[in-house]
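A.B. asks:
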Amino acid sequence: DAKTTQPPSMDCAEGRAANLPCNHSTISGNEYVYWYRQIHSQGPQYIIHGLKNNETNEMASLIITEDRKSSTLILPHATLRDTAVYYCIVRPVQTGANNLFFGTGTRLTVIP
Amino acid sequence: DTGVSQNPRHKITKRGQNVTFRCDPISEHNRLYWYRQTLGQGPEFLTYFQNEAQLEKSRLLSDRFSAERPKGSFSTLEIQRTEQGDSAMYLCASSSRTEYTGELFFGEGSRLTVL
Chain A
1 DAKTTQPPSM DCAEGRAANL PCNHSTISGN EYVYWYRQIH SQGPQYIIHG LKNNETNEMA
61 SLIITEDRKS STLILPHATL RDTAVYYCIV RPVQTGANNL FFGTGTRLTV IP
Chain B
113 DTGVSQNPRH KITKRGQNVT FRCDPISEHN RLYWYRQTLG QGPEFLTYFQ NEAQLEKSRL
173 LSDRFSAERP KGSFSTLEIQ RTEQGDSAMY LCASSSRTEY TGELFFGEGS RLTVL
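Taken in sequence, the protein lines are chains A and B. So in the numbering used here, spot 91 of the first sequence is number 91, and the numbers just go up one at a time. Counting the second sequence from 1 gives a position; the numbering used here is that position plus 112.
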């Protein structure tokens, strides 16, 4: 069952940074924060994950607060193709943990 | 294309009929997952295979549902005596244990409409 809280929707102007918040106040010490996104009519796509430190890859940056109770996914220069539902997921990284609980996510609309 | 492949992409059936979906995972991925997604909701876990062994099943997987993964390669998900409530997108995903980052690779799904 989802352990995260996300706003249902957000808008962002094309070319600006999109900052998507996620609350995970009950996160455990062995749980990572994962972000996936789902573009309309496609399967979910992995974006990034992290434990304590901030992470960056070619798609996005993940900022995790020091107490790990919340995080923010940052798309530095949003494009129209970034319009999607973004899911924040907490999950223990161990071989027995196979499920991803997606919740309902945040629907990001990038506006031209 | 070497991604996860699902067939058929769309299936319309009448209530009470049986349907079968196929998933071909990324080559050499030993883990395979089935999820179901209804309109406006996130994907929900159904079942998980490691190689040919079905290791986990959600309570969402009623006795009308059966999944197999013979020989640890492709997988099939069969729904018997379909009901209108079975209308959903059925998503398959695969992952590699040797590069275990928690990243699942999803297919584009099979959309089922039960009339």
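No residue lacks a Cβ here, since even glycine has one placed at the ideal position from N, Cα and C.
Going by DSSP, what residue range makes up the beta strand (DSSP E) through D11(A)?
C.D. replies: For this step, residue 11(A) is matched to residue 11 along the first sequence. Note, D11(A): beta strand (DSSP E), S9 to A13.
A.B. asks: Please decide whether A179(B) counts as near chain A, where near means a Cβ-Cβ distance under 9 angstroms.
C.D. replies: Within the second sequence, residue 179(B) is the residue found at index 67, counting from 1. It does not: the Cβ of A179(B) has no partner Cβ on chain A nearer than 9 angstroms.
A.B. asks: So what's P92(A) in DSSP terms, helix, strand or just coil?
C.D. replies: Here residue 92(A) refers to the residue found at position 92 when the first sequence is read from its first residue. Note: P92(A) maps to strand in three-state DSSP.
A.B. asks: Nearest by alpha-carbon distance to S185(B): which of I124(B), L144(B), G128(B) and Q149(B) is it?
C.D. replies: Locating residue 185(B) in the second sequence gives position 73, counting from the first residue. With distances taken between Cα atoms, S185(B) lies closest to L144(B).
A.B. asks: Measure how close the beta-carbons of S206(B) and P155(B) come, nearest whole angstrom, since I'm counting them as under 8 angstroms.
C.D. replies: Within the second sequence, numbered from 1, the residue matching residue 206(B) stands at position 94. Within the second sequence, numbered from 1, the residue matching residue 155(B) stands at position 43. Wrong, their Cβ atoms sit about 14 angstroms apart, outside the cutoff.
A.B. asks: Please report how far the alpha carbon of I64(A) lies from the alpha carbon of P112(A), in whole angstroms.
C.D. replies: Walking along the first sequence from the start, residue 64(A) turns up at place 64. Walking along the first sequence from the start, residue 112(A) turns up at place 112. In a straight line, the C-alpha of I64(A) is about 29 angstroms away from that of P112(A).
A.B. asks: Can L75(A) and A18(A) be called in contact, C-beta distance under 9 angstroms?
C.D. replies: The sequence position of residue 75(A) within the first sequence is 75, counting from 1. The sequence position of residue 18(A) within the first sequence is 18, counting from 1. The answer is yes: Cβ separation under 9 angstroms.
A.B. asks: DSSP on Q196(B), reduced to helix/strand/coil?
C.D. replies: Position 84 of the second sequence, counted from the start, is the residue given in the question as residue 196(B). Residue state, collapsed to three classes: helix.
A.B. asks: Strictly below 7 angstroms CB to CB, what residues from chain A border Q153(B)?
C.D. replies: Start at 1 with the first residue of the second sequence, and residue 153(B) comes out as number 41. Within 7 angstroms Cβ-Cβ: T104.
A.B. asks: If you measure from the beta carbon of E156(B) to each beta carbon in chain A, is any gap under 9 angstroms?
C.D. replies: Along the second sequence, read from residue 1 onward, the residue named residue 156(B) stands at position 44. Yes, contact with chain A.
A.B. asks: Assuming S222(B) contacts R121(B) under a Cβ cut-off of 8 angstroms, what Cβ separation, rounded to an integer in Å, is found between them?
C.D. replies: As a position in the second sequence, residue 222(B) is number 110, starting the count at 1. As a position in the second sequence, residue 121(B) is number 9, starting the count at 1. Yes, S222(B) and R121(B) are in contact; Cβ-Cβ is about 6 angstroms, under 8 angstroms.
A.B. asks: Roughly how many angstroms separate the alpha carbons of R91(A) and L151(B), rounded to a whole number?
C.D. replies: The count along the first sequence starts at 1 and reaches residue 91(A) at position 91. The count along the second sequence starts at 1 and reaches residue 151(B) at position 39. In a straight line, the C-alpha of R91(A) is about 24 angstroms away from that of L151(B).
A.B. asks: Taking Cβ-Cβ distances shorter than 9 angstroms, what residues in chain A pair up with E220(B)?
C.D. replies: Here residue 220(B) refers to the residue found at position 108 when the second sequence is read from its first residue. By Cβ distance, chain A contributes S41, Q42 and G43.
A.B. asks: Relative to the C-alpha of L167(B), which candidate in R181(B), T194(B), C135(B) and Q196(B) has its C-alpha closest?
C.D. replies: Within the second sequence, residue 167(B) is the residue found at index 55, counting from 1. Nearest option by C-alpha distance: R181(B).
A.B. asks: Thinking just about the alpha-carbon of each residue, which of T109(A), S71(A), C88(A) and N57(A) is nearest to the one in Y82(A)?
C.D. replies: Residue numbering aside, residue 82(A) sits at position 82 when the first sequence is read from its first letter. Here residue 82(A) turns out to be Asp, not Tyr, going by the sequence shown. Cα-wise, what sits closest to D82(A) is T109(A).
A.B. asks: The beta strand (DSSP E) with K100(B) in it runs from where to where?
C.D. replies: Limits of chain B in this structure are 113 at one end and 227 at the other, which puts residue 100(B) out of reach.
A.B. asks: If you draw a straight line from the C-alpha of Q192(B) to the C-alpha of D198(B), how long is it?
C.D. replies: For the purposes of this step, residue 192(B) is taken as residue 80 along the second sequence, with counting starting at 1. For the purposes of this step, residue 198(B) is taken as residue 86 along the second sequence, with counting starting at 1. Straight-line Cα distance between these residues: approximately 10 angstroms.
A.B. asks: If you follow the beta strand (DSSP E) that G219(B) is part of, which residue opens it and which one closes it?
C.D. replies: Here the question's residue 219(B) lines up with position 107 in the second sequence. First-last for G219(B): undefined, no H or E at that position.
A.B. asks: What ranges does the alpha helix (DSSP H) occupy inside the region 4-70 of chain A, keeping only unbroken runs of at least 4 residues that lie completely in it?
C.D. replies: Whole alpha helix (DSSP H) segments, 4+ residues: zero.
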